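Enquirer: Numbered by this note's numbering, the letters in the sequence shown go through residues 415 to 736 in order. Using N, Cα and C, we set each Cβ at its ideal position, and we do this for glycine too. As the structure is a computational prediction, the values presented were derived from the model and not from experiment.
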Amino acid sequence: DLAPGDYKLIETKAPTGYQLDATPVNFTIDFNQSEAAKVSKTNTAKTGTVVLTKKDSATNAELADATFELRNEDETLVRENLVTDDNGEISVADLAPGDYKLIETKAPTGYQLDATPINFTIDFNQSEVAKVSKTNTANTGTVVLTKKDSATNAKLADATFELRNEDGTVVREDLVTDDHGEISVADLAPGDYKLIETKAPSGYQLDATPVNFTIDFNQSEAAKVSKTNTAKTGTVVLTKKDSATNAELADATFELRNESDTLVRENLVTDDNGEISVVDLAPGDYKLIETKAPTGYQLDATPVNFTIDFNQSEAAKVSKTN
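So, in structure tokens, the structure goes:
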């Protein structure tokens, strides 16, 4: 029932989930029209939005400056150079319904890149933004411990350590110094740690005082720490006798000097068994020098030389007569 002439159809309400398109559809009813005029019009589905939040895997802090690209289900690149803001967010709008994935192409400074895709779907007639998240793990660091002799600075192999974090949790164990006296431990997350000696090298005293260190965020060089061991000490026993009868002599007084002639002990007096026992002596060469003879005997200041061996198993025994 349309009289011949020109007309236009104008969309006033789109189907649910589609965008309104009010562009007129023009057509003409011809004079003495024999068939219906046929026209068509398309609607585009409403677009949706995705918001990605980027966080630190350990602290949940929001991370800026992570870069992503967006691809659709056909692997076609839809957007690129999408960078998280100061709130750790990227918001991408005007996405047609369908399946997508966000792929990290550059991690924030100090973090490891994780290119595992983040899949999401923009639903038809989406009412709320799609929300996704992704974490980054901070770059790991390395510590190198060097183990030395406290007196000579010689490197010590075969010292055993365990590594604990700031909570006291064991992170690594059975870490043994090599021939260069070193232990190198890699892949450590930023934070505070301590290395604790659990077994000293043969011939040395165990020192379980923790060696504290920190792996800095985005560490550029290995953290370097050192620890010394003191060699086990030894003992000397001097016996003082009468030169003629071999009777033990009490009340002889001695002083002890090391190989540098430094006074180590003094006023060492023989007991009723004619003995002096001196303990806790570091390995090295020593001499005992008589400074006062027992009553009725001649003083003999000739040094009594002896050596405390490394990792000494028995007391060094020396004697002197008057």
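What number of angstroms, rounded off, separates the C-alpha of lysine 562 from the C-alpha of alanine 552?
Expert: Distance between the alpha carbons of lysine 562 and alanine 552: 32 Å.
Enquirer: Less than 8 Å separating the beta-carbons of arginine 586 and isoleucine 610?
Expert: In this structure, isoleucine 610 does not lie closer than 8 Å to arginine 586 by Cβ.
Enquirer: Output needed for threonine 628: all residues of its chain with C-beta closer than 6 Å, excluding positions within five of it in sequence on either side, in chain order.
Expert: Excluding positions up to five away in sequence, the list reads Asp606.
Enquirer: At the level of alpha carbons, what is the spacing between aspartate 470 and serine 598?
Expert: Whole-angstrom Cα-Cα distance: 26 Å.
Enquirer: If we call anything under 8 Å between Cβ atoms a contact, is glutamate 704 one with aspartate 694?
Expert: Not in contact: glutamate 704 and aspartate 694 (Cβ atoms no closer than 8 Å).
Enquirer: Which ranges would you report for the beta strand (DSSP E) in the segment 704-734 if only whole runs of at least 3 residues count?
Expert: Here the runs fully enclosed are 718-722.
Enquirer: Kindly indicate which three-state DSSP category alanine 417 falls into: helix, strand or coil?
Expert: It is coil, neither helix nor strand.
Enquirer: Compare the beta carbon distance of aspartate 508 and asparagine 533 with 8 Å and say whether it is the shorter of the two.
Expert: Taking 8 Å as the Cβ cut-off, aspartate 508 and asparagine 533 do not qualify as a contacting pair.
Enquirer: Report the rounded CA-to-CA distance for glycine 617 versus valine 497, giving the unit in angstroms.
Expert: If you take the alpha carbons of glycine 617 and valine 497, they lie about 59 Å apart.
Enquirer: Quick one: complete beta strand (DSSP E) runs, 3+ long, within the segment 460-500?
Expert: Within the segment 460-500, the complete beta strand (DSSP E) runs of at least 3 residues are 462-470, 481-486, 491-497.
Enquirer: I think serine 640 touches threonine 560, with their Cβ atoms under 8 Å apart; what is that distance to the nearest whole Å?
Expert: About 5 Å separates the two Cβ atoms, so the contact holds.
Enquirer: Distance, Cα to Cα, isoleucine 690 vs alanine 696?
Expert: Those two C-alpha atoms are separated by around 17 Å.
Enquirer: Do the CB positions of leucine 477 and proline 522 come within less than 8 Å of each other?
Expert: Yes, the pair counts as a contact, with Cβ atoms nearer than the cut-off.
Enquirer: What is the rounded straight-line gap between the Cα of leucine 702 and the Cα of glycine 648?
Expert: In a straight line, the C-alpha of leucine 702 is about 15 Å away from that of glycine 648.
Enquirer: What does DSSP give as the partner residue(s) for glycine 698 in the beta ladder?
Expert: Paired residues: Ile722.
Enquirer: Is the distance from the Cβ of lysine 654 to the Cβ of asparagine 736 below 8 Å?
Expert: Contact: yes.
Enquirer: For alanine 573 versus threonine 591, is the C-beta distance shorter than 8 Å?
Expert: In contact: alanine 573 and threonine 591 (Cβ atoms closer than 8 Å).
Enquirer: Which residue from Gly524, Ala645, Glu728 puts its Cα closest to that of asparagine 567?
Expert: When only C-alpha atoms are compared, the closest one is Ala645.
Enquirer: If we ignore side chains and look at the alpha-carbon of each, how far apart do serine 634 and lysine 569 end up?
Expert: If you take the alpha carbons of serine 634 and lysine 569, they lie about 26 Å apart.
Enquirer: Measuring alpha carbon to alpha carbon, tell me which residue in Thr481, Leu491, Asn446 is nearest alanine 417.
Expert: Among Thr481, Leu491, Asn446, the Cα nearest to that of alanine 417 is on Asn446.
Enquirer: Where does lysine 646 sit, in a helix, a strand or coil, going by DSSP?
Expert: Coil.
Enquirer: Let me check understanding here. Comparing Cα to Cα, which of Val651, Lys452, Gln712, Leu602 lies closest to alanine 729?
Expert: Out of Val651, Lys452, Gln712, Leu602, Val651 has the C-alpha closest to the C-alpha of alanine 729.
Enquirer: Please return the same chain residues whose Cβ sits closer than 8 Å to the Cβ of aspartate 500, not counting the five positions on each side in sequence.
Expert: So the list reads Glu476, Ala478, once near-sequence residues are dropped.
Enquirer: Buried or exposed, going by whether 16 or more other CB atoms sit within 10 Å of the CB of lysine 468?
Expert: Result: buried.
Enquirer: If you follow the beta strand (DSSP E) that alanine 600 is part of, which residue opens it and which one closes it?
Expert: First-last of the beta strand (DSSP E) with alanine 600: 596-602.
Enquirer: Since glycine 617 is in the beta strand (DSSP E), which residue starts that stretch and which ends it?
Expert: Note, glycine 617: premise wrong, no beta strand (DSSP E); not H, not E.
Enquirer: State the Cα-Cα distance for the pair glutamate 662 and valine 718, rounded to the nearest angstrom.
Expert: One C-alpha to the other measures close to 17 Å.
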